[in-house]
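Just so you know, we're using the numbering used here here: the sequence shown kicks off at 210 and counts up by one. Glycine is no exception: its CB is placed at the ideal position from the N, C-alpha and C atoms. Since this is a predicted model, take the numbers as computed values, not measurements.
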Amino acid sequence: MPKKTSSSRRGPLSAHVARSSNRREFFTQSTVAVGSTVALGGSAAVAAGETILAGGVGAIPACHASGSDTLRIGLIGCGARGRGAAIEAIQASLPGSVGAAVGRVELVAMADVFANHLQTAYRAINGRHRDHVNVGGRRFVGIDGWKGVLAADVDMVLLATPPAFRPLHFAAAVDAGKHVFMESPLATDMPGVRRVMATGKIAEEKGLAVSVGLQRRHEARLRECVDRLHDGVIGKLLEARTVCSSALLRRLPCNQSSDRLEEQLRRWQDHDWASGGFTDERHLHCLDAIHWVTGQTPVAAKVVESAASDCAGDAGGEEFGEVTEKLTEAKSTRAIELDQENGFRIVTELHAGRGSDRGKGELVIGAKGVCDLTRSIIRDHRGKVIWQSEAKEIAGKGWQRQFNELIAGLRNGHTMRNHSLGVACTTTAILERTALQTDRNVDVRDLMVCDQSYAHPQCTL
């Protein structure tokens, strides 16, 4: 059983069951909706028997007056991203946010494998929003601490553990009738992806909200930029180029490490079974942005010789600044090519950089021009600016906006349910990783039925 760090100030859970049931009924009945299909993901969708690139928001009138109760959240995974997500969820109910007029958000339960991680997160969240933290003794430590959060009186859980645990925790949260926010990636292998897809169907049947941490889709200027591309401002889309770090490729497979489980989890990014061994987790957001632009997902992947030296000419030369510079100076001999059914290709250059600039930047090349997605600038092939977003870039705004929209939707009868978008970019990341690790051409149809598991037994209970 999960270990509680102290006794609860609120008394036994049974004392709150009736109130919890009524409140959860409000948040669930007010948000019954079906996410709309926005795109087909090529052969991956066919192989899986369903669309994997789908998401969005369904809407029906709310069944109750909004703002009549407090949304109680639980946090599972108290690292930097977990505590950030909890703060953003709370801030969605503060003055000036989209959801400010519709009630409170309270953090009422927390769990982490490590007591020091939990305590650090608690102090950070409580220090900023003391009036919205009512955790008391509902602090659960240990590998099964997450069970304590799901058994508590919460309406929504935030899942921010290493990605190996995401399929298990997502399935358990939906089984418990909780709304879910979960960070990406959603799995480390295809059995995990299939479990997430199956759980997503159950969440839809139950009318539960499911939001995946794809914050770039909530950035104002990137939304404007993608709209312009969809309007055809650069003509037919031909190719995308991006960069990711290969510095993280030297991982330690579970069977090659003598560390105990706790020690592996403290260094989870160094272990394939916990992290997935992805080339760079932040690169997943680049892949998601390109999925968004094209409305498709890749059907095949292969390792190719780097084309970085040719990038400057195709991309409009020095006018594209940061992204072109990274591509031309990558000093890489390898790249990964992802091909879509319509002929569009994505070329990811691998470089050995570390630090804050690794994994940033995407260029989308069209018949009439080139778009720097990161900076939201579109130029013709001579380098002349033909469009640029005037929206301000505000650090962290995408993260905050996704919670504003999620929680406002819960109040107003709109269910955010975009797990299929998370499934799509996780699948593409696995496709990319598989090609790189095997140095072979990989067809997504084969990948979709692959049973190879990275998971530790604790992730598949």
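- In terms of Cβ geometry, aspartate 321 and glycine 354 form a close pair [threshold 8 Å].
- Here the C-alpha atom of leucine 446 lies approximately 26 Å from the C-alpha atom of methionine 657.
- DSSP places aspartate 581 within a strand segment (E or B) once states are collapsed to three.
- Alanine 664 and glycine 305 have their alpha carbons spaced roughly 42 Å apart.
- The three-state reading of DSSP puts histidine 500 in helix, counting H, G and I together.
- In the three-state scheme derived from DSSP, where H, G and I count as helix and E and B as strand, alanine 600 is classed as coil.
- Cα atoms of histidine 427 and glutamate 392: separation of roughly 14 Å, rounded to the nearest angstrom.
- Serine 420 is bridged by DSSP to Phe390.
- Taking all protein chains shown into account, proline 666 has fewer than 16 neighbouring C-beta atoms within 10 Å of its C-beta and is therefore exposed.
- The C-alpha of phenylalanine 553 lies about 11 Å from the C-alpha of isoleucine 499.
- When only Cα atoms are considered, valine 442 and alanine 509 end up about 27 Å apart.
- Taking a 10 Å sphere around the C-beta of valine 594, we find fewer than 16 other C-beta atoms and assign the residue as exposed.
- Boundaries of the beta strand (DSSP E) harbouring glycine 575: 571–575, taken from the DSSP string.
- Burial is judged here by how many other beta carbons sit within 10 angstroms of a residue's own beta carbon; glutamate 546 has at least 16 and is buried.
- Your pair alanine 382 and leucine 368 checks out as a contact, with CB atoms roughly 7 Å apart and the cut at 8 Å.
- Fewer than three Cβ pairs drawn from the stretch 470–488 and the stretch 610–623 lie within less than 8 Å of each other, which leaves the two stretches out of contact.
- Between the alpha carbons of glycine 288 and histidine 326 lies a gap of roughly 6 Å.
- The beta carbon of glutamine 597 sits closer than 6 Å to the beta carbons of Ile586 from its chain, once the five residues preceding and following it are set aside; these are given in chain order.
- The closest CA to that of phenylalanine 379, considering only Ala330, Asp398 and Ala412, is found on Ala412.
- In the three-state reduction of the DSSP assignment, isoleucine 334 falls in the helix class.
- Closest in alpha carbon position to lysine 606, among Ala373, Ala294, Asp364 and Ile555, is Ala294.
- The continuous beta strand (DSSP E) containing lysine 511 extends over residues 509–514.
- When the five nearest sequence neighbours on each side are left out, the beta carbons in the same chain lying within less than 7 Å of the beta carbon of threonine 370 are those of Ile285, Gly286 and His378, in order along the chain.
- Taking C-alpha positions only, alanine 429 is separated from alanine 600 by approximately 6 Å.
- CA-to-CA, the gap between glutamine 646 and lysine 511 works out to about 10 Å.
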